[in-house]
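Worksheet: one structure, shown below.
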Amino acid sequence: MEESTSKTKKKLRIGLLLNDYQVSFWVFKMIEILSNSNYAEISLVVKRDSEKKHNSLRNKFWNNRNHILYVFFMKMESFVFKSANKYVSPVSIKSIITCPEILTKPVTSKLHDKIIQEDIDKIAKHDIDIFIRLGFKILKGNILNCSKYGIWSYHHGDNKAYRGSSPGTWEVLNNNPLTGVTLQILNKKLDGGNILLKSYSSTSPFSISKNRKNIYKKSIVYLPRKVNELYNRGEIDFFKDVNKLNNKPSFYNFKLFKTPKNIEFVIGVFGIYTKWLKKKVINVLFNEQWIVLFKYDSSTKMGDSLYDFRRITPPKDRIWADPFIWKRDGCAYIFIEEMLVNENKGKISVMKLNKNGTYAPPQKIIEEDYHLSYPFLLEENNELFMIPESGINKTINLYKCLEFPYKWEFVKYIMNDIQAVDSTVFYYEDKYWLFANVRQQPKTSIHEELFLFFADNLMDENWTSHPKNPIVTDIRCSRPAGNIFVKENRIYRPSQNCAKRYGHSMNIQEIIVLNENDYEEKNIDSLLPNWSKDILCTHTLNHKDDLTVIDALVKQPKF
Numbered sequence: 034m035e036e037s038t039s040k041t042k043k044k045l046r047i048g049l050l051l052n053d054y055q056v057s058f059w060v061f062k063m064i065e066i067l068s069n070s071n072y073a074e075i076s077l078v079v080k081r082d083s084e085k086k087h088n089s090l091r092n093k094f095w096n097n098r099n100h101i102l103y104v105f106f107m108k109m110e111s112f113v114f115k116s117a118n119k120y121v122s123p124v125s126i127k128s129i130i131t132c133p134e135i136l137t138k139p140v141t142s143k144l145h146d147k148i149i150q151e152d153i154d155k156i157a158k159h160d161i162d163i164f165i166r167l168g169f170k171i172l173k174g175n176i177l178n179c180s181k182y183g184i185w186s187y188h189h190g191d192n193k194a195y196r197g198s199s200p201g202t203w204e205v206l207n208n209n210p211l212t213g214v215t216l217q218i219l220n221k222k223l224d225g226g227n228i229l230l231k232s233y234s235s236t237s238p239f240s241i242s243k244n245r246k247n248i249y250k251k252s253i254v255y256l257p258r259k260v261n262e263l264y265n266r267g268e269i270d271f272f273k274d275v276n277k278l279n280n281k282p283s284f285y286n287f288k289l290f291k292t293p294k295n296i297e298f299v300i301g302v303f304g305i306y307t308k309w310l311k312k313k314v315i316n317v318l319f320n321e322q323w324i325v326l327f328k329y330d331s332s333t334k335m336g337d338s339l340y341d342f343r344r345i346t347p348p349k350d351r352i353w354a355d356p357f358i359w360k361r362d363g364c365a366y367i368f369i370e371e372m373l374v375n376e377n378k379g380k381i382s383v384m385k386l387n388k389n390g391t392y393a394p395p396q397k398i399i400e401e402d403y404h405l406s407y408p409f410l411l412e413e414n415n416e417l418f419m420i421p422e423s424g425i426n427k428t429i430n431l432y433k434c435l436e437f438p439y440k441w442e443f444v445k446y447i448m449n450d451i452q453a454v455d456s457t458v459f460y461y462e463d464k465y466w467l468f469a470n471v472r473q474q475p476k477t478s479i480h481e482e483l484f485l486f487f488a489d490n491l492m493d494e495n496w497t498s499h500p501k502n503p504i505v506t507d508i509r510c511s512r513p514a515g516n517i518f519v520k521e522n523r524i525y526r527p528s529q530n531c532a533k534r535y536g537h538s539m540n541i542q543e544i545i546v547l548n549e550n551d552y553e554e555k556n557i558d559s560l561l562p563n564w565s566k567d568i569l570c571t572h573t574l575n576h577k578d579d580l581t582v583i584d585a586l587v588k589q590p591k592f
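Here the numbering used here is used: the first residue of the sequence shown is 34, the next is one more, and so on.
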């Protein structure tokens, strides 16, 4: 019955608002996904009918005189970073769409376009579900109400911090570690429509072109995902979440950003290359090494001051990171990623830790031809299992302990053909819930998108992907950082903040809703690497009974 219903379900009718059939490459790829999908079809193109004006080189220079340095810099970057420039290179979409076209000459002003009523009447006859704005100026008038679910439009920036022009630019010039992408349903407010999705990425610190590439590449899939979600979940459930996302008071308290003027650009670029030079000097003078820290505390409260934690520092030729605890016969065993610096390939080792701070040197227990880390542990039917990170192999591996703690055997791949990192399993409401960061787009950051899967049994062959995947799209809190734990009937998920750099710091997220149809979490606390001058990062947290372990990246003088 469900299969028959799915086959007869009508695809969502998509309209495109274009200036030209020549679009940026990222737009082409996005439209291609929609055109080839089983949930949407391109049903109408509304194209701006305007004459192309030819500007002489002299006129172009004069029009851009106040920000000529920015224009010149971007031309230079497009030459140096050709792969980054690929995503804004022009491509024709005529080869992938076959649908009616309406030409319109809007009533235009400096910032706004208003489509005349005669053309609005023509557009209305096509019964469009969603318009996607890929051209025109800021739209006013009845066109905003001309499709069932509104006009969807990208704002390539965080609409709470950067409204205006020059996407991906000011974040670099302002040395802001975060660059946002906002997908919204347009209304009369500039960049202030109803938000469908907000994403946060790490800013590319030394290149505007690379920063733009990151946000445009992600934009290829964001909009199709939301269209697919609307199709699968239905209007009521979909817009219930949209309304929930937009029902809080929201104010914009920054200036309206425009193309950088010459003096603004000079100041910004000076800051960029000062930061670059500082990083180079630090790399010459210091080494970085991951270490393990621990604290025994008989109180029931988890946490307390990080400066009280005692250090376990490895030899200089290796790192120890991602500590997980298992206790047996009153003894604590710390499972870690151990990696020799000159090999750059992690393996899983274990050390026995005594309450007085002494420990037995780590012993290797699992090694593959590829990198392993994050030795997540769980028990089922009185048997101990491990799911170490094996993302480079595009698998999620499961191992079973044969003789604790040193003898393990490979059991199976929980999932294949998936680039997932830091898989973290939580048993709740008679189901196994697997959290992992997943990379779906090649060469994009794996730190940004948290996916959730569930199954009735750890050995299930097919885990179900949560309908709201990715459940978190935010580099500040998506990537797992240790065991999910319960305190006083509240569920907490440690997460990494990778905005400034990979594994910079941690958060405690409280899981508010966890079921087969919905997921919600909120931030409770942050753990920053501020307790010692030599600490640069901390990115794993685990707790068992009276023992808490974390890791930290420390800098050490080379000379």
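C-beta atoms are modelled at their ideal positions from N, C-alpha and C, and glycine is treated no differently.
Computed from a predicted structure; not experimentally measured.
Asked, Found
"Strand pairing of S235, partner residues [DSSP]", "L211"
"Where A194 falls: helix, strand or coil (DSSP)", "coil"
"D489 classed as buried or exposed, judged by whether at least 16 other C-beta atoms fall within 10 angstroms", "exposed"
"Alpha-carbon to alpha-carbon, L211 and E297", "20 Å"
"Pair within 8 Å by beta-carbon distance, I425 and Y407", "no"
"Cross-strand partners of P513 (DSSP beta bridge)", "S528"
"Residues near W309 by beta carbon distance below 8 Å, same chain, minus five either side", "P238 and F239"
"Under the three-state DSSP convention, the category D455 falls into", "strand"
"Contact check, I358 vs I367, beta carbons under 8 Å", "yes"
"Burial state of M34 (16 or more Cβ within 10 Å)", "Here the model assigns M34 a pLDDT of 33, short of 50, so the residue's position is not dependable, and the following value carries that caveat. Exposed, by the Cβ-count rule."
"With 16 other Cβ atoms within 10 Å as the buried cut-off, status of W441", "buried"
"Three-state secondary structure assigned by DSSP to I149", "coil"
"Sufficient close CB pairs (3 or more, under 8 Å) joining the stretch 545-558 to the stretch 488-505", "yes"
"Cβ contact check for the stretch 111-124 and the stretch 67-74: 3 or more pairs under 8 Å", "no"
"Limits of the alpha helix (DSSP H) - the one that P257 falls within", "I241 to R266"
"Assumed close pair L6, L561 - CB separation to whole angstroms, cut-off 8 Å", "Nothing about residue 6 can be reported from this structure: the residues present for the chain run from 34 to 592 only."
"K273 in three-state terms, based on DSSP", "helix"
"Per-residue DSSP class, three states only, for S116", "helix"
"Between the CA atoms of R166 and I156 - distance to the nearest angstrom", "14 Å"
"Nearest candidate by alpha-carbon position, reference C510, set S235, K222 and Y54", "S235"
"T41 in three-state terms, based on DSSP", "helix"
"Candidates L102, N208 and M63, of which the one nearest K294 by Cα", "L102"
"8 Å Cβ shell around S338 - same chain, five flanking residues per side excluded", "W564"
"Option in N220, Y54 and P257 with minimal Cα separation from I47", "P257"
"Three-state secondary structure assigned by DSSP to D154", "helix"
"For Y54, three-class secondary structure by DSSP", "coil"
"Same chain only: Cβ atoms within 6 Å of G390, ignoring 5 sequence neighbours per side", "R343"
"Anticipated Cβ contact below 8 Å, P282 with R245, distance rounded", "That belief does not hold up - the Cβ atoms of P282 and R245 are roughly 31 Å apart, past 8 Å."
"Stretch-stretch touch, CB-based, cutoff 8 Å, three pairs: the stretch 471-489 with the stretch 392-401", "no"
"Rounded Cβ spacing between K464 and F486 (contact assumed at less than 8 Å)", "Rounded, the Cβ-Cβ distance is 10 Å, inconsistent with contact."
"Contact the stretch 411-422 vs the stretch 452-459: 3+ CB pairs below 8 Å", "yes"
"Y306: CB within 7 Å of a non-hydrogen atom of the ligand SAM", "As presented, the structure is devoid of all ligands, the ligand SAM included, so that no description of it is given."
"Proximity below 8 Å, CB of D330 to CB of T573", "no"
"L278 versus P348: straight-line alpha-carbon distance, rounded", "49 Å"
"Run of the beta strand (DSSP E) containing Y594, from where it starts to where it stops", "For residue 594 there is no data in the structure shown, the boundaries of the chain being 34 and 592."
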